[in-house]
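In what follows, a single structure is set out as structure tokens and then discussed.
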Amino acid sequence: MKNCIVIGIAGGSGSGKTTLARELHQRMGEENSCVLLQDSYYLDQSDKFDHDGGSINFDHPDALEFELLAKQVQELKKGNAVNIPVYEFSSHKRLEVNYPQAPKKVIIVEGILIFHHDYCCQLFDQMIFVDTPETVRFQRRLKRDVEERGRTEQGVHDQFFKQVKPMHDTFVEQTKMKAHHLISGEQSYDPIIEEIINYCKI
Numbered sequence: 000m001k002n003c004i005v006i007g008i009a010g011g012s013g014s015g016k017t018t019l020a021r022e023l024h025q026r027m028g029e030e031n032s033c034v035l036l037q038d039s040y041y042l043d044q045s046d047k048f049d050h051d052g053g054s055i056n057f058d059h060p061d062a063l064e065f066e067l068l069a070k071q072v073q074e075l076k077k078g079n080a081v082n083i084p085v086y087e088f089s090s091h092k093r094l095e096v097n098y099p100q101a102p103k104k105v106i107i108v109e110g111i112l113i114f115h116h117d118y119c120c121q122l123f124d125q126m127i128f129v130d131t132p133e134t135v136r137f138q139r140r141l142k143r144d145v146e147e148r149g150r151t152e153q154g155v156h157d158q159f160f161k162q163v164k165p166m167h168d169t170f171v172e173q174t175k176m177k178a179h180h181l182i183s184g185e186q187s188y189d190p191i192i193e194e195i196i197n198y199c200k201i
């Protein structure tokens, strides 16, 4: 697709990157942009899931199919529609159905580990890292996982400090050095949204 622009938004779990991606998409409009979520590309490990976290490390890069993510971004850039996987967090299954996505002028890709692999970074025209303190990220994740994903508070706590935090420190935190923009997840996103909209000429 001629002049297609890919925006990568990364940051720790609970940093606010999904909110930024959603607000950017809304401001640009459905006709101009689409959002690809890293979470859609989790590998199916439902046979190992213990229903409250801990048995599977979902925050390690090996838990995700980044090759498929990169391939689908490339196809969208060529002007081809793709079928995005549908991942169900309550069961940790990749469902048989897919979500059809048509190419758009701007592709927004969001996820904690999307800057980890260089072959993914090469796809991004602009890379934004949302930097948020650990205490804030934990409280946000606790609220989301209990309310939206059927988890217990204890299960979320244990998973965060046994897996999420170590994986963040090992794989996520260092990737902010690759970003073109380092922003706070506790302040208004309006300045970065305006900058990206101007960059994309929307």
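Note that numbering that gives the first Met the number 0 has the sequence shown beginning at 0, numbered continuously upward. Think of the CB as a built atom: it goes at the ideal place given N, C-alpha and C, for glycine as much as any other residue. Just so we're clear, the structure is a prediction, and the values are computed from it rather than from any experiment.
Quick one, are the C-beta atoms of residue i and residue j less than 8 angstroms apart?
i: residue 125; j: residue 195; result: yes
i: residue 98; j: residue 82; result: yes
i: residue 150; j: residue 144; result: yes
i: residue 159; j: residue 137; result: yes
i: residue 113; j: residue 9; result: yes
i: residue 12; j: residue 163; result: yes
i: residue 140; j: residue 89; result: no
i: residue 3; j: residue 65; result: no
i: residue 72; j: residue 155; result: no
Please go through the same chain and pick out, in chain order, the residues whose beta-carbon is closer than 7 angstroms to the beta-carbon of residue i, but skip the five residues on each side of it.
i: residue 87; result: 94
i: residue 26; result: 192, 196
i: residue 96; result: 85
i: residue 24; result: 32, 34, 107
i: residue 22; result: 188, 192
i: residue 198; result: 125
Alpha carbons only, please: which of the options is nearest the one belonging to residue i?
i: residue 127; options: 136, 144, 108; result: 108
i: residue 200; options: 28, 8, 17, 14; result: 28
i: residue 20; options: 36, 197, 163; result: 36
Could you tell me the alpha carbon to alpha carbon distance between residue i and residue j, rounded to whole angstroms?
i: residue 115; j: residue 85; result: 22 angstroms
i: residue 31; j: residue 131; result: 29 angstroms
i: residue 121; j: residue 146; result: 36 angstroms
i: residue 188; j: residue 68; result: 26 angstroms
i: residue 168; j: residue 61; result: 16 angstroms
i: residue 17; j: residue 34; result: 10 angstroms
i: residue 77; j: residue 103; result: 10 angstroms
i: residue 181; j: residue 174; result: 11 angstroms
i: residue 123; j: residue 142; result: 31 angstroms
i: residue 134; j: residue 161; result: 15 angstroms
i: residue 70; j: residue 39; result: 14 angstroms
i: residue 7; j: residue 117; result: 13 angstroms
i: residue 190; j: residue 172; result: 23 angstroms
Quick one: measure Cβ to Cβ for residue i and residue j, integer angstroms, because I've assumed they're closer than 8 angstroms.
i: residue 75; j: residue 41; result: About 20 angstroms separates the two Cβ atoms, so there is no contact after all.
i: residue 58; j: residue 166; result: 4 angstroms
i: residue 261; j: residue 91; result: The requested residue 261 is not part of the displayed model; the chain covers only 0 to 201.
What residues in its chain sit with their C-beta under 6 angstroms from that of residue i, if we drop five residues either side in the sequence?
i: residue 110; result: 37
i: residue 14; result: 129, 131, 136, 184
i: residue 179; result: 125, 126
i: residue 186; result: none
Report all residues from its chain with a CB closer than 8 angstroms to the CB of residue i; omit the five preceding and five following residues, and keep chain order.
i: residue 47; result: 54, 55
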